[in-house]
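Student: Residue 297 is where the sequence shown starts when you use my numbering, and the numbers rise one by one after that. Encoded as structure tokens, here's the structure I'll be asking about.
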Amino acid sequence: MTELRDAIASRQASATDGVRTYLDRIEAQNDTINAYHEVYADRSLERAKRVDDGQLTGPLAGVPIAIKDVLCTDWGKTTCGSRMLGEYRSPFTATAVARLESAGAIILGKTNMDEFAMGSSCEHGAWGAVRNPWSHDHVPGGSSGGSAAAMSADLCAAAIGSDTGGSIRQPAAFCGVVGLKPSYGRISRWGLVAYASSLDQIGPFTRDVADAALLLQVMAGRDERDSTCASADVPDYVAALDEPVNDLRIGVAKQYLSDSNDPAVAKAVDGAIEAYRAAGASIVEVDLPHTEYGVPTYYLVATAEASSNLARYDGVHYGHRAADPDDLIDLYSKSRAEGFGDEVKRRIMLGTYALSTGYYDAYYLKALKVRRLIRRDFDEAFKQCDVILCPTTPTPAFRIGEKSDDPLTMYMADVYTVNANLAGIPGVSLPGGFTDTGLPVGVQLLGPVFEEAKLLRIARVFERATGYHQQKPNRD
Ligand code: GLN
């Protein structure tokens, strides 16, 4: 992305040719991969022309970017992968997207996702399953699987997703690209359709760490329209990449190195430990004793918040409206029955149950307490190390259909990602190697809250030492 940006800025390449190249690739591959739900060809070419005419400038001038269909734009549709919002047109544009466009980026289109960002496989979107560019029989991960697949298959120069419990990092791992979930509150969520408001965060998919730093730079920072968006200064993430990395301490926690991890995942983590050791880092053992409670805690907090957030889709305020209802209650119930898919209904029921009288204390309140302990585990661990190195996922990409009848197994795909959301800390998944059959495997680095500059700098040490990020799926 940065190379393309520089080539356009120095007039060695034209933005229009760049956009055309991506549009041609989308045309050739999207029928198979199904990464995009909507492509904005005319709008993209118009903006590219403005870049070439020198009217549109900025640090991302001419860079074609794909965005997840959970981000509102005042053009096109914003469907969240749901029939409920199948025809929804937002009257406004998300702050993150507006900032990308003010920096000169070109939004190529919106990518497919699991419905309302609930899922880990991109099989649960209303517009069909997305395929992994490395193997079309495999899932790309989820819920931002369309963005990860588009990035991996070179159908964009960078992509944007959202991560509530791993939805950027897990698909990044499955598709062999870099995926960054910033700290909670680092990027404004105004215009991001809410799933679980205390966990949701926007972030980039890129080919390398430097591109991720640049996109974070552009999107981060205070926004008066999102009261949860932090006012903390935005450091120069790009410049910070070049600062020296001295006395590096890499934390490793036994709770993340389970024997049940796939051998390729274990090998990738071992390889990363070796790479850091060779780069002069010391490896420190840290303890994260409440790790195992992460998945149950997450699936209480996230579903509770989702049940509340999704109450607005009643066929009156928003979304699909059932025909010929008997009365108001019938209108709500039919509209929701028709508009939502099975996984979304399951989450609404779980969350409603966890919040209901008599169960609130036992489930929701208990989950909040455990959440606090998980955060405390990380605070203690970061007293002893700069970042924590762990797998992104217990397995590489699984086959399409393999887990679709078994929600609990699917939820376990998030076991190494959800705790970062519960604690509000940043995490990045990096290409960390391959399985014997050539599927990518990710490794994850977790950092202290608002320490993205350090996290990315340390991530780049690994990227430079290994070069896995330069490999692409062998398809045209
Ligand atoms: N897979 C997790 C879930 O289904 C995470 C989703 C996300 O991060 N949006 O809730």
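Backbone N, C-alpha and C fix where the C-beta goes; we use that ideal spot for every residue, glycine too.
#1: P785 lies in the beta strand (DSSP E); which residues open and close that run?
#2: Are A468 and F501 close, meaning C-beta to C-beta below 8 Å?
#3: Please report how far the alpha carbon of A650 lies from the alpha carbon of D657, in whole angstroms.
#4: Let's see if you can read the secondary structure: which residues bound the beta strand (DSSP E) around Q740?
#5: Anyone know if the C-beta pair for G487 and F388 falls short of 8 Å?
#6: Starting from C471, trace the alpha helix (DSSP H) in both directions and tell me its first and last residue.
#7: May I ask which residues mark the beginning and end of the beta strand (DSSP E) holding D583?
#8: Would you check if the stretch 449-462 and the stretch 319-336 touch, i.e. whether three or more CB-CB distances between them fall below 8 Å?
#9: Assuming A413 contacts S479 under a Cβ cut-off of 8 Å, what Cβ separation, rounded to an integer in Å, is found between them?
#10: Verify the contact flag: T374, CB atom, against every heavy atom of the ligand GLN, threshold strictly below 7 Å.
#11: Between M447 and the rest of its own chain, which residues show a CB-CB distance below 6 Å, the 5 nearest in sequence each way excluded?
#12: Select from T593, E634, P592, A575 the residue whose C-alpha is nearest the C-alpha of Y609.
#13: Apply the 10 Å Cβ neighbour rule to R371 and answer buried if 16 or more other Cβ atoms are within range, or exposed otherwise.
#14: Could you have a look at N717 and say whether DSSP puts it in helix, strand or coil?
#15: Under 7 Å from any heavy atom of the ligand GLN, does the C-beta of S725 make it?
#16: Can you tell me which of the three DSSP states K563 falls into?
#17: Would you call the stretch 567-579 and the stretch 703-717 touching, i.e. three or more CB-CB distances under 8 Å?
#18: Compute every distance between the C-beta of Y609 and the non-hydrogen atoms of the ligand GLN, then say whether any falls below 7 Å.
#19: When the Cα atoms are used, what is the spatial distance from G547 to R753?
#20: Under 8 Å between the Cβ atoms of Q513 and V534?
#21: Out of L741, A303, P355, V640, which has the shortest C-alpha to C-alpha gap to P687?
#22: Write down the C-beta distance between V779 and V591 rounded to the nearest angstrom, noting that I regard them as a contact closer than 8 Å.
Tutor: So, from the data block:
#1: In the structure displayed, the chain extends from 297 to 772; residue 785 sits before or after that span and is not available.
#2: For the purposes of this step, residue 468 is identified with residue 172 of the sequence shown, where counting begins at 1. For the purposes of this step, residue 501 is identified with residue 205 of the sequence shown, where counting begins at 1. Taking the C-beta atoms as reference points, F501 is found nearer than 8 Å to A468.
#3: Here residue 650 corresponds to residue number 354 of the sequence shown, with the count starting at 1. Here residue 657 corresponds to residue number 361 of the sequence shown, with the count starting at 1. Distance between A650 and D657, taken at the CA atoms: about 9 Å.
#4: By one-based count along the sequence shown, residue 740 stands at place 444. 736-742 is the span of the beta strand (DSSP E), which, as asked, contains Q740.
#5: Working through the sequence shown from its first residue, we reach residue 487 at position 191. Working through the sequence shown from its first residue, we reach residue 388 at position 92. Contact flag set, yes.
#6: Locating residue 471 in the sequence shown gives position 175, counting from the first residue. Per DSSP, C471 is one residue of the alpha helix (DSSP H) stretching across 465-471.
#7: Along the sequence shown, one-based indexing puts residue 583 at 287. In the DSSP assignment, D583 falls outside any beta strand (DSSP E) and carries neither an H nor an E.
#8: The stretch 449-462 and the stretch 319-336 touch, with three or more beta-carbon pairs separated by less than 8 Å.
#9: In the sequence shown, counting from the first residue as 1, residue 413 sits at position 117. In the sequence shown, counting from the first residue as 1, residue 479 sits at position 183. Contact between A413 and S479 is absent: CB atoms are separated by about 19 Å, not below the 8 Å threshold.
#10: Here residue 374 refers to the residue found at position 78 when the sequence shown is read from its first residue. Checking the Cβ of T374 against the ligand GLN gives no.
#11: As a first step, residue 447 is located in the sequence shown; it is residue number 151 there, counting from the start. Excluding positions up to five away in sequence, the list reads A455, V473, F501.
#12: Residue 609 sits at position 313 when you count from the first residue of the sequence shown. Among T593, E634, P592, A575, the Cα nearest to that of Y609 is on E634.
#13: Position 75 of the sequence shown, counted from the start, is the residue given in the question as residue 371. In the sequence as displayed, the identity of residue 371 is Trp instead of Arg. So W371 counts as exposed.
#14: Walking along the sequence shown from the start, residue 717 turns up at place 421. N717 falls in the helix class under three-state DSSP.
#15: As a working mapping, residue 725 is identified with position 429 in the sequence shown. Not under cutoff, so the answer is no.
#16: For the purposes of this step, residue 563 is taken as residue 267 along the sequence shown, with counting starting at 1. Three-state DSSP puts K563 in a helix.
#17: In short, these stretches do not touch, since the Cβ pair count stays below three.
#18: The count along the sequence shown starts at 1 and reaches residue 609 at position 313. Incorrect: Y609 has no Cβ contact closer than 7 Å to the ligand GLN.
#19: The residue given as residue 547 occupies position 251 in the sequence shown. The residue given as residue 753 occupies position 457 in the sequence shown. Distance from the CA of G547 to the CA of R753, rounded to the nearest whole angstrom, comes to 16 Å.
#20: Taking the sequence shown and counting its residues from 1, one reaches residue 513 at position 217. Taking the sequence shown and counting its residues from 1, one reaches residue 534 at position 238. Yes, the Cβ-Cβ distance between Q513 and V534 is below 8 Å.
#21: Residue 687 sits at position 391 when you count from the first residue of the sequence shown. Closest in alpha carbon position to P687, among L741, A303, P355, V640, is L741.
#22: In the structure as shown, the chain starts at 297 and stops at 772, and residue 779 therefore has no counterpart that could be examined.
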